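**Student:** Shown below is the structure under consideration.
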Amino acid sequence: MVRQPYPKKGTWTPDEDQKLIAYIMRYGVWNWNEMPRFVGLQRSGKSCRLRWMNYLRPNLRRGNFTREEEETIIRLQKELGNRWSAIAATLPHKTDNDIKNYWNTRLKNNNSASATTETSCSIEENSCDANSSASLNIPTMTDFPEPFACSTTFSPSDCHQTEEVDNTYSMRELLFHLNAIGRY
DNA sequence: AACCAAAGCAACCGCTCCTAG
DNA sequence: ACTAGGAGCGGTTGCTTTGGT
354 MVRQPYPKKG
364 TWTPDEDQKL
374 IAYIMRYGVW
384 NWNEMPRFVG
394 LQRSGKSCRL
404 RWMNYLRPNL
414 RRGNFTREEE
424 ETIIRLQKEL
434 GNRWSAIAAT
444 LPHKTDNDIK
454 NYWNTRLKNN
464 NSASATTETS
474 CSIEENSCDA
484 NSSASLNIPT
494 MTDFPEPFAC
504 STTFSPSDCH
514 QTEEVDNTYS
524 MRELLFHLNA
534 IGRY
């Protein structure tokens, strides 16, 4: 159980994002505290989890909130209070952090009026040319050590409990996603 | 063009909850 | 039933961006 004594903090770099996405594509999520070592990141497990959950995982839609989403947030906040994860569960393409920020910055002091009239959802912002992948430096699977190749306290079956399951997340989708989140 | 203030957002911290042993 | 460790959540901070002067 060797942990980094001083894990790196601050804004994530594109390289770190690429490594984390590529690793999770291959092995899935098995232990946030141990994973950073195998990914080759000097981040805490918490930091990796947060980055993945809020920005890197598939199916997130960054950008403006639609009017419907905004109304849902206002209504559920009245019903549930600041239970952002519960509210986020009803908006599958948004994260609790997104919703929390949106509430605190735009709706909190103004929740009876619409915070913005321009709420068009810019799906087109997510458009990307997957053919541009050749110029990107995406880590390959061989860049990562096999988790069970190291002396650890978990078993191979533990490490690979989600292996192959995530193969629906193809390299093309990875490239699309990296573009969509504005990294490239 | 330079400066400043406000707004927005990404990330960290500390706590609670959950689960396996 | 108890404990330890991991995961998840909400509050908060601080950096970056944007708009005004």
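In our numbering, the protein residues as written are 354 to 537. Glycine included, C-beta positions come from ideal geometry on N, C-alpha and C. Computed from a predicted model, the values in this text were never measured in an experiment.
Straight-line CA distance for Met-378 to Leu-444?
**Tutor:** Taking the first residue of the first sequence as 1, we reach residue 378 at position 25. Taking the first residue of the first sequence as 1, we reach residue 444 at position 91. Cα to Cα, Met-378 sits roughly 24 Å from Leu-444.
**Student:** With contact counted as at least three CB pairs below 8 Å, one residue from each stretch, are the segment 382-395 and the segment 425-433 in contact?
**Tutor:** Flag = no, the segment 382-395 and the segment 425-433 do not touch.
**Student:** Any idea what DSSP makes of Arg-420, helix, strand or coil?
**Tutor:** As a position in the first sequence, residue 420 is number 67, starting the count at 1. Residue state, collapsed to three classes: helix.
**Student:** Since Ser-397 is in the alpha helix (DSSP H), which residue starts that stretch and which ends it?
**Tutor:** Residue 397 sits at position 44 when you count from the first residue of the first sequence. It is not in any alpha helix (DSSP H) - Ser-397 carries neither H nor E in the DSSP assignment.
**Student:** With DSSP run on the structure shown, which of helix, strand or coil describes Glu-369?
**Tutor:** Against the first sequence, residue 369 aligns to sequence position 16. Glu-369 falls in the helix class under three-state DSSP.
**Student:** Taking buried to mean at least 16 other C-beta atoms within 10 Å of its own C-beta, is Thr-448 buried or exposed?
**Tutor:** As a first step, residue 448 must be located in the first sequence, where it is residue number 95. Buried.
**Student:** Please determine, among Arg-420, Thr-458 and Asn-407, the residue with the shortest C-alpha to C-alpha distance to Ser-438.
**Tutor:** To locate residue 438, count along the first sequence from 1; it is residue 85. Cα-wise, what sits closest to Ser-438 is Asn-407.
**Student:** Closest to Glu-422 by CA distance: which of Lys-431, Leu-409, Arg-436 and Ala-441 is it?
**Tutor:** For this step, residue 422 is matched to residue 69 along the first sequence. Taking only the C-alpha atoms, the option nearest Glu-422 is Ala-441.
**Student:** Out of Ser-397, Thr-458, Lys-361 and Ala-375, point me to the one whose CA is closest to Leu-409's CA.
**Tutor:** As a working note, residue 409 is residue 56 in the first sequence. Of the candidates Ser-397, Thr-458, Lys-361 and Ala-375, the one whose C-alpha sits nearest the C-alpha of Leu-409 is Ala-375.
**Student:** Using the C-alpha atoms, what's the distance from Thr-366 back to Leu-550?
**Tutor:** Since the first residue of the chain shown is 354 and the last is 537, residue 550 is not available in this structure.
**Student:** Is Glu-432 near Arg-396, with beta carbons less than 9 Å apart?
**Tutor:** Indexing the first sequence from 1 puts residue 432 at position 79. Indexing the first sequence from 1 puts residue 396 at position 43. No, the pair does not count as a contact, with Cβ atoms beyond the cut-off.
**Student:** What number of angstroms, rounded off, separates the C-alpha of Phe-418 from the C-alpha of Trp-405?
**Tutor:** Here residue 418 refers to the residue found at position 65 when the first sequence is read from its first residue. Here residue 405 refers to the residue found at position 52 when the first sequence is read from its first residue. Their backbone Cα atoms lie some 20 Å apart in a straight line.
**Student:** With distance defined between alpha-carbon atoms, name the residue in Asn-435, Ile-452, Lys-399 and Arg-459 nearest to Gly-363.
**Tutor:** Start at 1 with the first residue of the first sequence, and residue 363 comes out as number 10. Ranking the options by Cα distance to Gly-363, first place goes to Lys-399.
**Student:** Going by beta-carbon coordinates alone, are Leu-403 and Asn-457 separated by less than 9 Å?
**Tutor:** Mapped onto the first sequence, residue 403 falls at position 50. Mapped onto the first sequence, residue 457 falls at position 104. Result no, Cβ atoms of Leu-403 and Asn-457 do not sit closer than 9 Å.
**Student:** In whole angstroms, what separates the C-alpha of His-446 from that of Ile-452?
**Tutor:** Translated into positions along the first sequence, residue 446 becomes position 93. Translated into positions along the first sequence, residue 452 becomes position 99. One C-alpha to the other measures close to 11 Å.
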